[in-house]
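Structure first, commentary second.
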């Protein structure tokens, strides 16, 4: 499956906001207001990317990477939202993100946090080589109470030998 990552533009913000507010995605992410999304478009330390399926350039999600200017080469895989579930776009997107982080951004470590109850995402990250780093217990207050985050990471040498 061919996935392309391209820089998010102003014209993509309505797509990004709709993807975040979608019923299937909302329980697993902390949605941002439009102003915050607009603010990262020009932030040199953050890279918002649209995930497109080739050959027809269909937008199937977005990702936000942060820490691009980290002297420690730690890139945060801050957010991944896929709009069409069960078609393999998520796995292809994670593989493209890993290539981008390690081959283009020269990351030493790619890390993320994921809601503990988001088993679908946790299983995908695990299959893609991310290792569990621990749990941030009840660190988010949501509408249904407090939630925990699981921190996962992948090191450059693990990516290269996989």
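Residue numbers (the working numbering): 1449 to 1610. Just so you know, even glycine gets a beta-carbon here, dropped at the ideal spot from N, CA and C.
Could you spell out where the alpha helix (DSSP H) holding residue i opens and where it closes?
i	result
residue 1611	In the structure as shown, the chain begins at 1449 and stops at 1610. Residue 1611 is therefore absent and cannot be evaluated.
residue 1487	1482-1488
Could you please give the first and the last residue of the uninterrupted beta strand (DSSP E) stretch that includes residue i?
i	result
residue 1571	Looking at the DSSP string, residue 1571 is not in any beta strand (DSSP E); the run it does join, the alpha helix (DSSP H), is 1567-1575.
residue 1583	1579-1590
residue 1452	1451-1455
residue 1594	1593-1603
Which residues in the same chain as residue i place their Cβ atom closer than 7 Å to its Cβ, once the five residues preceding and following it in sequence are excluded?
i	result
residue 1473	1467, 1529
residue 1570	1562, 1598
residue 1506	1500
Who are the Cβ neighbours of residue i in its own chain at under 6 Å, not counting the five residues just before and after it?
i	result
residue 1532	1508
residue 1586	1594, 1596
Is residue i helix, strand or coil when you go by DSSP?
i	result
residue 1610	coil
residue 1517	coil
residue 1561	strand
residue 1538	helix
residue 1523	strand
residue 1545	helix
residue 1500	strand
residue 1551	helix
residue 1532	coil
So, at 8 Å on beta carbons, what are the nonlocal neighbours of residue i in its own chain, with the 5 sequence-adjacent residues on each side left out?
i	result
residue 1516	1492, 1493, 1494, 1495, 1523, 1553
*Stretch-stretch touch, CB-based, cutoff 8 Å, three pairs: the segment 1565-1583 with the segment 1538-1556*: yes
Tell me whether the segment 1561-1569 and the segment 1595-1605 touch, counting them as touching only if at least three CB pairs, one residue from each stretch, are closer than 8 Å. yes
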